[in-house]
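Enquirer: The structure's right below; bear with me while I get my questions together.
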């Protein structure tokens, strides 16, 4: 029960490589995929998890091997979170930048296409925020977590404007 069938160093390195590969893969997939998970996305994640399990532990089926791989993944996740806080530039590398989709009531169709969003996705977010017309929106932003934030035209505030300026610069 407490015996590794694969050397510990090999499990650690394999788990690190798999973590980074999956992180890069999800980063390439884009913000929409992360924020709007469908049943297809869930199936994909489960299949990926099953596919990479052997890549992490090799032929090791011991409890120790599985726990070691899990511990490495948890530590790496914590390290990535810490690096994001310490170095915002590195955080942007992992997470990307917020993307303006609507500005002053005008739909930025190029940005919508670039982010892989259909207009229906934006319209759904508008309804969730209580908007039915683009003209009522000052700013709609696809956030790095895949959610869409909406700033109404009728309720400007200093904080909102400052945040909007920061987003527009990118």
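Residue numbers (my numbering): 1378 to 1547. Note that CB positions come from ideal geometry on N, CA and C, so glycine has one too. As the structure is a prediction and not an experimental result, all values here were calculated from the model.
Here's a check: name, in chain order, each residue in its chain whose Cβ is nearer than 6 Å to the Cβ of residue 1527, leaving out the five neighbours to either side.
Expert: Position 150 of the chain shown, counted from the first residue, corresponds to residue 1527. Within the same chain, residue 1527 has close Cβ partners 1506, 1514 and 1517.
Enquirer: Helix, strand or coil for residue 1486? Go by DSSP, reduced to three states.
Expert: The residue given as residue 1486 occupies position 109 in the chain shown. Looking at residue 1486 - three-state DSSP - the assignment turns out to be helix.
Enquirer: Apart from the five residues on each side of it in sequence, which residues of its chain come closer than 8 Å, Cβ to Cβ, to residue 1539?
Expert: Sequence index remark: in the chain shown, residue 1539 carries index 162 (1-based). Confidence is the limiting factor: at residue 1539 the pLDDT is only 49, short of 50, which leaves the residue's position unreliable, though a coordinate-based value still follows. So the list is empty, once near-sequence residues are dropped.
Enquirer: Using a threshold of 9 Å, state whether the C-beta atoms of residue 1445 and residue 1393 are closer than that.
Expert: Here the question's residue 1445 lines up with position 68 in the chain shown. Here the question's residue 1393 lines up with position 16 in the chain shown. Their beta carbons are not under 9 Å apart, which means residue 1445 does not touch residue 1393 by this criterion.
Enquirer: Secondary structure at residue 1505, three-state DSSP: helix, strand or coil?
Expert: Against the chain shown, residue 1505 aligns to sequence position 128. The answer is helix: DSSP assigns residue 1505 an H, G or I state.
Enquirer: For residue 1511, name the three-state secondary structure that DSSP assigns.
Expert: The residue given as residue 1511 occupies position 134 in the chain shown. Reduced to three states, the DSSP call for residue 1511 is helix.
Enquirer: Cβ of residue 1418 within 9 Å of Cβ of residue 1381?
Expert: Walking along the chain shown from the start, residue 1418 turns up at place 41. Walking along the chain shown from the start, residue 1381 turns up at place 4. It is not a contact, given that the beta carbons lie outside the stated cut-off.
Enquirer: Using CA coordinates, which residue listed in 1434, 1494 and 1477 is at the minimum distance from residue 1388?
Expert: Numbered from its first residue, the chain shown carries residue 1388 at position 11. Minimum Cα distance to residue 1388 is reached at 1434.
Enquirer: Cα-Cα, which of 1492, 1461, 1487 and 1481 is closest to residue 1523?
Expert: Residue numbering aside, residue 1523 sits at position 146 when the chain shown is read from its first letter. Minimum Cα distance to residue 1523 is reached at 1492.
Enquirer: Taking buried to mean at least 16 other C-beta atoms within 10 Å of its own C-beta, is residue 1384 buried or exposed?
Expert: Position 7 of the chain shown holds residue 1384. Exposed is the call here.
Enquirer: Pick helix, strand or coil for residue 1448, following the three-state DSSP scheme.
Expert: Position 71 of the chain shown, counted from the first residue, corresponds to residue 1448. Note: residue 1448 maps to helix in three-state DSSP.
Enquirer: Run through the DSSP bridge pairs and tell me what residue 1472 is partnered with.
Expert: Here residue 1472 is taken as the residue at index 95 of the chain shown, counted from 1. Residue 1472 pairs with nothing; no bridge assigned.
Enquirer: Taking a contact to mean a Cβ-Cβ separation below 9 Å, would you say residue 1475 touches residue 1519 in this structure?
Expert: Within the chain shown, numbered from 1, the residue matching residue 1475 stands at position 98. Within the chain shown, numbered from 1, the residue matching residue 1519 stands at position 142. Result yes, Cβ atoms of residue 1475 and residue 1519 sit closer than 9 Å.
Enquirer: Checking 9 Å against the spacing of the C-beta atoms, do residue 1478 and residue 1525 come in under that value?
Expert: By 1-based counting over the chain shown, the position of residue 1478 is 101. By 1-based counting over the chain shown, the position of residue 1525 is 148. It is a contact, given that the beta carbons lie within the stated cut-off.
Enquirer: Put residue 1384 into one of helix, strand or coil per three-state DSSP.
Expert: On the chain shown, residue 1384 is found 7 positions in, with the first residue counted as 1. Note: residue 1384 maps to coil in three-state DSSP.
Enquirer: What whole-angstrom Cβ distance do residue 1432 and residue 1461 have, given they're in contact under 8 Å?
Expert: If you number the chain shown from 1, residue 1432 lands on position 55. If you number the chain shown from 1, residue 1461 lands on position 84. At roughly 25 Å, the Cβ-Cβ gap does not stay under 8 Å, so residue 1432 and residue 1461 are not in contact.
Enquirer: Could you give the C-beta distance for residue 1429 and residue 1395, rounded to a whole number, given that I count them as a contact under 8 Å?
Expert: Taking the first residue of the chain shown as 1, we reach residue 1429 at position 52. Taking the first residue of the chain shown as 1, we reach residue 1395 at position 18. 5 Å between Cβ atoms; contact.
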